[in-house]
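Heads up: the structure comes next, in structure tokens.
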Amino acid sequence: MLNQRLSQKLQQKLSPQQIQLMKLLQIPTANLEQRIEEELEANPALEEGDVIDNVLDDLDQEMEEDKTEKESEDDLEDFGVEEYFDEDGEYPEYKTKDQSYDNRDDDNKTIPISVGITFHEFLLKQLGIKELHGDDYIIGSQIIGSIDDDGYLRREMINIVDDLAFAQNIIVNEEKIEEILTFVHSFDPSGVGARDLQECLLLQLKRKQTNPLIKSAIILLENHFEHFSKKHYNKLEAALDLSSEDLKSVIDEILKLNPKPGSGYTGGNNSKIHHYIIPDFTVKNEAGELELLLNMRNAPDLKVSRSFKDMYTSYKQSKEKNSDKKNAIIFIKQKMDAAKWFIDAIKQRQQTMMLTMRAILDYQNEFFLTGDEMTLRPMILKDIAEMTDLDISTVSRVANSKYVQTEFGTILLKFFFSESMQNSDGDEISTREIKAILQEIIKEENKKKPYSDQKLMDLLKGKGYEIARRTVAKYREQLSIPVARLRKEL
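For reference, each letter of the sequence shown is one residue, going 955 to 1444 in my numbering.
Structure representation (structure tokens):
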């Protein structure tokens, strides 16, 4: 039986402007310029403009128009765009001359990147020198195209056979691929085209001048690679009939090799692209007073296009009000709304980032003054959210992928967040402090007899840190420190 009834329920929905702000908060400074350029291309009502002096104080006033009401022709006649512009007919840019924004070096917004041939182009150049006949050059090119940036060929032979059949209409078998691969193995850098670490190291060793150490190293890698990877030195000494000193010399020869030949390629220092970290904030210590700056050097000044106002004025003065012109003015208004929302979102991004970073700066004030990790206080997202009256998710977006430049280096914001534990005196300490002490203990251990996790737990307890062995193992893994067996040295 059909019936009708009324019901009420609460729902929370994000407006398009809020969603846009959340996305902008996640973007680090290094990618902000690209995002602004994308918006400039997509919205003709948004354009770059020079900084002007008569910047309005209130750029973020809310739009009071009803966005859900369907516009009529009468509405359009009353529609005014003057709120988007200042007295001179220009929309004020979001960028201000506040000292909290770091706008130095505006003429040099991009980081120069050295230009040269890439790693794969370097391999193809060597392939061209080889005397290959028929389809062999195409097969070699396909193999080189399948090599990863670190120099390894991780694609299966059968898949390369399929690639050649579908893309090049060349029918070959796996044996042919192996044959051409031997040519690639002779290329520089040594070890390129290997299928795994064992093959990579062997390719490099076989190019070296033969001597007893090299021979023993080749035998070790060919027949006892598992013992070598697990550092079972006693088994290696017995299998190779070597003393501890001789085995150490053999292993030293292996350790001189490059486990990632592709990543070591520099191409005359011209082809390797360096990835620079662009800090989002800068903290300066001015005689004990910390100064916080927001990096805005890669963000151009934005304004609403003057030509859009001119188009509106032209429509206003026109006596003919047909449907085409009505649609045109609706389009103009939509684009101007979108431009204003984007400019306001950029400004709100600045304010939110500064508010959040200022709270972190106040909370971890002693660290920013001394640079000593032991002074870091336990801090979680909730602590900063309460200080700033922001949502935890907003604080998380600000902290994600953002860096701050200090006197002690450029640091990821997530570095400052850590959980708390109690020491034997009942004081709350940061887990980062425990990790720093754990790292120091392992650094000073005897590498011939490294500490087990149980021993590390006992040593930490002796220093007043009551933690379980599994917690020690977790912290050790977070620090990328291997187990005791893999830390052992001869």
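Here a beta-carbon is modelled for each residue, glycine too, at the ideal position from N, C-alpha and C.
Counted as a single uninterrupted DSSP element, the stretch harbouring residue 1405 is not any alpha helix (DSSP H), since DSSP gives it neither H nor E.
Remark: fewer than three beta-carbon pairs, one from each stretch, lie closer than 8 Å, so the region 1144–1155 and the region 1398–1416 are not flagged as touching.
The beta carbon of residue 1141 lies closer than 8 Å to those of 1077, 1080, 1081, 1147 in the same chain, with the five residues before and after it left out.
Taking 8 Å as the upper bound for CB-CB distance, residue 1354 and residue 1418 are not in contact here, some 34 Å apart. When C-alpha distances from residue 1399 are compared across 1112, 1203, 1438, 1084, the shortest belongs to 1438. Residue 1235 is not a Cβ neighbour of residue 1212, given a cutoff of 8 Å. With contact defined as three or more Cβ pairs closer than 8 Å, the region 971–980 and the region 1343–1359 are in contact.
Bounds of the alpha helix (DSSP H) holding residue 1322 are 1319–1324. Secondary structure note for residue 1097: its alpha helix (DSSP H) is the uninterrupted segment 1090–1099. Secondary structure at residue 1201: helix, using DSSP grouped into helix, strand and coil. Residue 1230 carries a coil assignment under DSSP once its states are collapsed to helix, strand and coil. Within the model, the alpha-carbon separation for residue 1257 versus residue 1284 is close to 20 Å. Pairing residue 1168 with residue 1205, the inter-Cα distance amounts to about 10 Å. For residue 1383, no alpha helix (DSSP H) encloses it; the enclosing beta strand (DSSP E) starts and ends at 1382–1384. Residue range 1256–1258 is occupied by the beta strand (DSSP E) that includes residue 1257.
Within the DSSP bridge table, the entry for residue 1329 names no partner. Secondary structure at residue 1399: coil, using DSSP grouped into helix, strand and coil. In this structure, the alpha-carbon of residue 1369 lies about 13 Å from that of residue 1352. A Cβ-Cβ contact shorter than 8 Å links residue 1102 with residue 1108.
Three or more Cβ pairs closer than 8 Å define a contact, and the region 1126–1139 meets that threshold against the region 1088–1104. Residue 1000: member of the beta strand (DSSP E) spanning 1000–1002, first to last residue. Within the model, the alpha-carbon separation for residue 1337 versus residue 1385 is close to 16 Å.
Secondary structure note for residue 1152: its alpha helix (DSSP H) is the uninterrupted segment 1151–1159. Here residue 1363 carries a strand assignment [DSSP, helix/strand/coil]. Look at residue 1371 here: in three-state DSSP terms it is coil, with no helix or strand label. With respect to residue 1330, residue 1387 sits close: the two C-beta atoms are nearer than 8 Å.
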